[in-house]
Amino acid sequence: MTSTSDRKKELRQEYRKQKTVGGVYKITNTVDGRFWLYGATNIQGHKSRFEFAQKTNACVDLKLQKEWDRYGAGAFAFEILEELEMKDTQTTKEFKEDIKVLEEIWAEKLHGERGEKNDC
Numbered sequence: 036m037t038s039t040s041d042r043k044k045e046l047r048q049e050y051r052k053q054k055t056v057g058g059v060y061k062i063t064n065t066v067d068g069r070f071w072l073y074g075a076t077n078i079q080g081h082k083s084r085f086e087f088a089q090k091t092n093a094c095v096d097l098k099l100q101k102e103w104d105r106y107g108a109g110a111f112a113f114e115i116l117e118e119l120e121m122k123d124t125q126t127t128k129e130f131k132e133d134i135k136v137l138e139e140i141w142a143e144k145l146h147g148e149r150g151e152k153n154d155c
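Each residue of the sequence shown is one higher than the one before, starting from 36 at the first, in my numbering.
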C-alpha cells in the first residue's frame with residue numbers, strides 16, 4: 036500500500052512530465068461571423084475557461100462583453116487553429132515568442148475575414 040506522501044510524489048512527477056502545449060485559437064460570434072484571435076501557452080486551459088464561461092454565462096474577455104450580452108454565451112464558438120508543443124530545450128520566454136509568431140502568421144492567413152487581433 037502506498038502512503039499519501041508517496042502518492043503526492045508520484046503525482047508531482049507525472050505533472051512535471053506533462054508536455055506544455057500552446058497554440059492559436061479563435062473565438063467566433065456564430066451570429067455575425069466576427070472573430071477574435073488569441074495565442075496561448077496553455078491552450079487547453081483557455082479552452083476549459085471558455086467552456087466554463089459558456090456554462091456560467093460569464094464573458095471570457097471584456098472585448099467580447101457587448102456582443103456576449105447581446106447574443107448570449109451560446110452564440111460563441113471556440114476553435115483551436117494550431118497547437119505547438121514546447122520543446123524540452125526551450126525557455127518559457129522562447130515558447131511565448133514562438134506562440135506570438137504563430138499568432139501573427141494566423142492573423143495574416145485570416146486577413147480579409149472579419150476579425151480582430153487580440154494581444155491576450
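Yeah, the Cβ is synthetic: ideal placement off N, Cα and C, and Gly gets one too.
In the DSSP annotation of this structure, the continuous segment of the alpha helix (DSSP H) that includes residue 136 starts and ends at 127 to 144. In the DSSP assignment, residue 64 forms a beta bridge with 111.
Between residue 119 and residue 140, the CB-CB gap reaches or exceeds 8 Å. Rounded to the nearest angstrom, the gap between the Cα atoms of residue 138 and residue 38 is 45 Å. Taken through DSSP and simplified to helix, strand or coil, residue 75 comes out as strand.
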